[in-house]
Amino acid sequence: RGEDGVGAMPGLLLRGWLHPAMRLQRYVPLAAWLGCLTSPHAVVEGAPDESPPVYDEAEALAFLEFSRVSFCDDVAIQKWRCGDACAATKQQVVKHRVEVIGPGNQSEVKGYAAQLSDFSSLKKRCVLAYRGSVNMANWLADAKLMLVDWPSAQDGAVGTSASWCPGCKVHAGFGEAYDELRNATLDRLRGLQCDLVDVTGHSLGAGVATIAAMDLRATGVPVRMLWTFGSPRVGNPAFVEAFMNLSEQQGAPLASWRVVHYHDPVPQGGPSEFYMHVPEQVYYSRDSSSYVVCPAVGLEGDEVVRPHCGMHTLAYSDIPGGLFYQDHVDYLNRTMALKNMDARCVHANFCAYLGRAYNMNHMIAASVISCILGAAITPLAWRRLTDSKGSRDDADEDSESSALS
């Protein structure tokens, strides 16, 4: 393996045990999202295969589109009519089997669950997606960087927090956001009769999705894969170890794919002295024309081993460039910025649209003022604009009449 991890098989030793994919004895390719590719993620009896899972970019793009849909208005999500993101995934979603989740009372994080038309399996398969940051409440949740104990005793997961996640701590904002949506999430999955779940999200949504995948696995809900885009660090090393253990117990060949775009600064979020990323990182170039599957960050005793690959090479001097090129809101050449999304996705989300227009600078005060002024002034401004246009049209008609006479 080269130092940068290029061409290397993903996965390192984590506290002395092999990556689950290295021990898995039985799995065969599953029919791919777009109908023409295969992806080795399903665990099926027979057909032994010693190869580790291979990153499937077509599948990643499908889950990126599912993440983009989470930014849309509730009605657009429920009807699956939200522009290009919905059009790209329309064939994968069962009609009228989409349920919105949230928003939470404090964090205002929201998401949705949808049943998928996976005809390769007798199980009912669903996607669970959480939205990234679009407003002040979301950004305040992002800013709660302190680590807190998780899960709480009343969360209802199998066993106690000490038995399946000893010493686990998570980002306070992400943990609180998920706790607000936990009951609704479980209710939606039960209502859709989901037997198998894929979880996805971008940014804040990626942090919540990571905790959701962990919690679902702990409560016995089979999670096929976690797909995150632009995810900050979510928990401490104990959280990551428990995350990997639960994935292994469910027989998943891989715990997650964590996609990072070049100089996106958000994956640096969460101080590395206390936080640790979940594997596996897929690191994309600036134009998304190439990628590297980076080895997992490992542990040797109490020392965190950080390979020189992908996001781990990002210096603070690279952050301005990442902000300028909007590496955080552009993934696989698709945008997560509301101001650039299809009008059918965000046409009713006026305040969030204005807030996201300042996306990378997160000018919270300006967005709040814009929303307040917009809500108060826009109807009046529109009326004046139409009245003014009508007056000009009348004047033009009078001028034409005078000229003809």
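FYI, this note's numbering numbers position 113 of the sequence shown as 939, with every residue one higher than the one before it. We treat Cβ as the ideally placed atom computed from N, Cα and C, and that holds for glycine.
Delimiting residues of the beta strand (DSSP E) encompassing Met1051: Locating residue 1051 in the sequence shown gives position 225, where the first residue counts as 1. Val1049 to Phe1055 is the span of the beta strand (DSSP E), which, as asked, contains Met1051.
Could you give the distance in angstroms between the alpha-carbon of Gly1061 and the alpha-carbon of Val1118? As a position in the sequence shown, residue 1061 is number 235, starting the count at 1. As a position in the sequence shown, residue 1118 is number 292, starting the count at 1. For Gly1061 and Val1118, the distance between alpha carbons rounds to 24 Å.
Leu890: first and last residue of the uninterrupted alpha helix (DSSP H) it sits in: Your numbering for residue 890 matches position 64 in the sequence shown. Unbroken alpha helix (DSSP H) run through Leu890: Glu883 to Val895.
Span of the alpha helix (DSSP H), counted from its first residue to its last, around Asp900: If you number the sequence shown from 1, residue 900 lands on position 74. Looking at the DSSP string, the run of the alpha helix (DSSP H) that includes Asp900 is Asp900 to Lys905.
Return helix, strand or coil for Tyr1157, following the three-state DSSP convention. As a first step, residue 1157 is located in the sequence shown; it is residue number 331 there, counting from the start. Looking at Tyr1157 - three-state DSSP - the assignment turns out to be strand.
Applying the 10 Å Cβ sphere with the 16-neighbour rule, what's the burial state of Pro1097? The residue given as residue 1097 occupies position 271 in the sequence shown. The residue in question, Pro1097, is exposed, as its Cβ has fewer than 16 Cβ neighbours within 10 Å.
Touching by the beta-carbon criterion (3+ pairs, under 8 Å), the segment 923-941 and the segment 955-970: yes
According to DSSP, simplified to helix, strand and coil, what is Cys1020? On the sequence shown, residue 1020 is found 194 positions in, with the first residue counted as 1. Cys1020: coil per DSSP, three-state reduction.
Cβ-based burial, Gly1095 [other Cβ within 10 Å; buried from 16]: Along the sequence shown, one-based indexing puts residue 1095 at 269. Gly1095 should be labelled buried.
When DSSP labels each residue in this structure, what does Met972 get in the three-state scheme? Stepping through the sequence shown from its first residue, residue 972 is reached at position 146. Note: Met972 maps to coil in three-state DSSP.
Per DSSP, Thr816 is paired with what? Absent from the model: residue 816. The displayed extent of the chain is 827 to 1231, so no value can be given.
Going by the DSSP bridge assignment, what does Glu925 pair with across the sheet? To locate residue 925, count along the sequence shown from 1; it is residue 99. Glu925 pairs with Ala939.
Whose C-beta lies closer than 6 Å to the C-beta of Asp900 among residues of the same chain, with five residues either side of it excluded? On the sequence shown, residue 900 is found 74 positions in, with the first residue counted as 1. Result list for Asp900: Val926, in chain order.
Mind checking which residues open and close the beta strand (DSSP E) that includes Val1119? Against the sequence shown, residue 1119 aligns to sequence position 293. Counting along the chain, the beta strand (DSSP E) containing Val1119 begins and ends at Tyr1117 to Val1119.
Enclosing alpha helix (DSSP H) for Val1172 [first to last residue]: By 1-based counting over the sequence shown, the position of residue 1172 is 346. Its alpha helix (DSSP H) spans residues Ala1169 to Val1172.
Spatial distance of Gly999 from Asn961 (CA atoms): Looking up residue 999 in the sequence shown gives position 173. Looking up residue 961 in the sequence shown gives position 135. Taking the straight line joining both Cα atoms gives about 14 Å.
Out of Asn1071, Trp976, Ser1082 and Met1051, which one is the CA nearest neighbour of Glu1002? The count along the sequence shown starts at 1 and reaches residue 1002 at position 176. Here the closest residue by C-alpha is Trp976.
Own chain residues within Cβ distance below 7 Å of Phe1055, not counting five before or after: Indexing the sequence shown from 1 puts residue 1055 at position 229. Correct list, in chain order: Leu890, Ser893, His1028, Ala1032, Val1085 and Tyr1157.
Proximity to Glu883 [Cα-Cα], best of Met1167, Met1162, Ser1114 and Val1034: By 1-based counting over the sequence shown, the position of residue 883 is 57. Residue Ser1114 is the option with its Cα nearest to Glu883.
Would you grab the beta carbon distance between Ala1064 and Pro992 for me? Rounded to a whole angstrom, and I think it's under 8 Å. Counting from one through the sequence shown, the residue named residue 1064 turns up at place 238. Counting from one through the sequence shown, the residue named residue 992 turns up at place 166. Yes, Ala1064 and Pro992 are in contact; Cβ-Cβ is about 6 Å, under 8 Å.
Within 8 Å, strictly: CB atoms of Ile903 and Val920: As a working mapping, residue 903 is identified with position 77 in the sequence shown. As a working mapping, residue 920 is identified with position 94 in the sequence shown. It is not a contact, given that the beta carbons lie outside the stated cut-off.
Let me know if Arg1016 comes out buried or exposed under the rule of 16 or more other beta-carbons within 10 Å of its beta-carbon. Here residue 1016 corresponds to residue number 190 of the sequence shown, with the count starting at 1. Exposed is the call here.
How should His1103 be labelled, buried or exposed, when 16 other C-beta atoms within 10 angstroms of its C-beta is the threshold for buried? Sequence index remark: in the sequence shown, residue 1103 carries index 277 (1-based). Result: buried.
Cβ neighbours of Cys1270 in the same chain (closer than 8 Å, five flanking residues each side left out): The structure shown does not extend to residue 1270, since the chain is modelled only from 827 through 1231, so no value can be given for it.
For my contact list, Leu1022 and His997 are in at a C-beta cut-off of 8 Å; report their separation, rounded to the angstrom. As a first step, residue 1022 is located in the sequence shown; it is residue number 196 there, counting from the start. As a first step, residue 997 is located in the sequence shown; it is residue number 171 there, counting from the start. So it is not a contact: roughly 27 Å between Cβ atoms.
Can you tell which of Thr1161, Arg1043 and Asp968 has the C-alpha that lies nearest to the C-alpha of Gln932? As a first step, residue 932 is located in the sequence shown; it is residue number 106 there, counting from the start. Among Thr1161, Arg1043 and Asp968, the Cα nearest to that of Gln932 is on Asp968.
Round the Cβ separation of Pro1093 and Ser1057 to the nearest angstrom and send it over; I've been treating them as touching at under 8 Å. As a first step, residue 1093 must be located in the sequence shown, where it is residue number 267. As a first step, residue 1057 must be located in the sequence shown, where it is residue number 231. Indeed they touch by this definition, with Cβ atoms about 6 Å apart.
When DSSP labels each residue in this structure, what does Met1070 get in the three-state scheme? The count along the sequence shown starts at 1 and reaches residue 1070 at position 244. Three-state DSSP puts Met1070 in a helix.
Between which two residues does the alpha helix (DSSP H) holding Cys912 run? The residue given as residue 912 occupies position 86 in the sequence shown. Residues Asp910 to Thr915.
Could you check what DSSP says for Arg1084 in three-state terms: helix, strand or coil? Here residue 1084 refers to the residue found at position 258 when the sequence shown is read from its first residue. Of the three classes helix, strand and coil, the one that applies to Arg1084 here is strand, per DSSP.
Separation of Leu1018 from Ala1038, as counted between CA atoms: Here the question's residue 1038 lines up with position 212 in the sequence shown. Here the question's residue 1018 lines up with position 192 in the sequence shown. Going by the C-alpha atoms only, they are around 17 Å apart.
Could you pull the DSSP bridge partners for His997 from this structure? Position 171 of the sequence shown, counted from the first residue, corresponds to residue 997. DSSP output for His997 lists Leu973 as bridge partner(s).
Would you please state the rounded distance, in angstroms, between the beta carbons of Val1049 and Gln1075? I believe it to be under 8 Å. Locating residue 1049 in the sequence shown gives position 223, counting from the first residue. Locating residue 1075 in the sequence shown gives position 249, counting from the first residue. Incorrect: roughly 11 Å between the Cβ atoms, too far for contact.
Would you call Asn1009 buried or exposed, if buried means 16 or more other Cβ atoms sit within 10 Å of its Cβ? Locating residue 1009 in the sequence shown gives position 183, where the first residue counts as 1. When all chains shown are included, Asn1009 counts as exposed.
DSSP state of Tyr1110, grouped into three classes? In the sequence shown, the residue the question calls residue 1110 occupies position 284. Note: Tyr1110 maps to strand in three-state DSSP.
Based on Cα-Cα distance, which residue from Thr1036, Thr1026, Pro929 and Ala886 lies nearest to Cys952? Locating residue 952 in the sequence shown gives position 126, counting from the first residue. For the residues Thr1036, Thr1026, Pro929 and Ala886, the minimum Cα distance to Cys952 belongs to Thr1026.
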